[in-house]
Amino acid sequence: MSQTPITLDIHKILDLLPHRYPILLVDRVLEIEPHTRIKALKNVSINEPYFQGHFPKRPVMPGVLILEALAQTAALLTFTEERHDENTLYYFAGIDDARFKRVVEPGDQLILNVTFERRMRHIWKFKAHAEVDGVLAAEANLMCTVIQGGEGAAK
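Those letters in the sequence shown? Residues 12 to 166, by the working numbering.
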């Protein structure tokens, strides 16, 4: 018997992530397989503030924001597995092998796929890729860190 996929709406995402508009880049989680993978959605709208300058005659979602959306998706996978509170900090710690394969434009639905690779102490490693209409838009290996109780935070 197949299990119903775990999903998260925007309200649960807001409970789990500290990000808010305009930097919150995940609109919905479509599937979570705990300890393994997550699939999320970012609706790319012409109303995004970065499109005013990137680029006025041909709006394109900046690659760095695609990577940030993937990192936020990885954070959601982590936070659905590990206990945390409002003092837990989640940082993007590194990126390897980032490649951009397709332009992401207003009106696109960016599908964010992140797979857990391994964890070493506070460092989590993931393989991530984003696609539009089934076509690879970007891929990267991500490293993130979780710090409990605000340790190491700037004071």
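Positions of the beta carbon are idealized from the N, C-alpha and C atoms, including for glycine. Computed from a predicted model, the values in this text were never measured in an experiment.
Asked, Found
"Reference LEU41; option with closest CA among LYS112, VAL75, ILE24, ALA82", "ILE24"
"For VAL115, three-class secondary structure by DSSP", "coil"
"Straight-line gap, LYS138 to ARG48 (C-alpha atoms, nearest Å)", "9 Å"
"Whether THR156 touches LEU123 by CB criterion (9 Å)", "no"
"Limits of the alpha helix (DSSP H) - the one that ALA68 falls within", "Note on residue identity: the sequence assigns Lys, not Ala, to residue 68. Run containing LYS68: none; DSSP gives neither H nor E here."
"Under 9 Å between C-beta atoms of LEU153 and LYS136", "yes"
"ILE158 vs LEU121 beta-carbon contact at 9 Å", "no"
"Counterpart residues of LEU123 in DSSP-defined beta bridges", "ALA51, ALA141"
"CB of LEU88 within 9 Å of CB of ILE43, strictly", "yes"
"Cutoff 7 Å; reference ASP20; Cβ partners in own chain excluding five residues on either side", "ARG39"
"Nearest to ASN98 (by Cα), restricted to the options GLY160, TYR32, LEU28", "GLY160"
"Status (buried if at least 16 other CB within 10 Å, exposed otherwise) for ILE17", "exposed"
"Proximity of GLU79 and PHE103 at Cβ, strictly below 9 Å", "yes"
"Straight-line gap, PRO33 to HIS65 (C-alpha atoms, nearest Å)", "15 Å"
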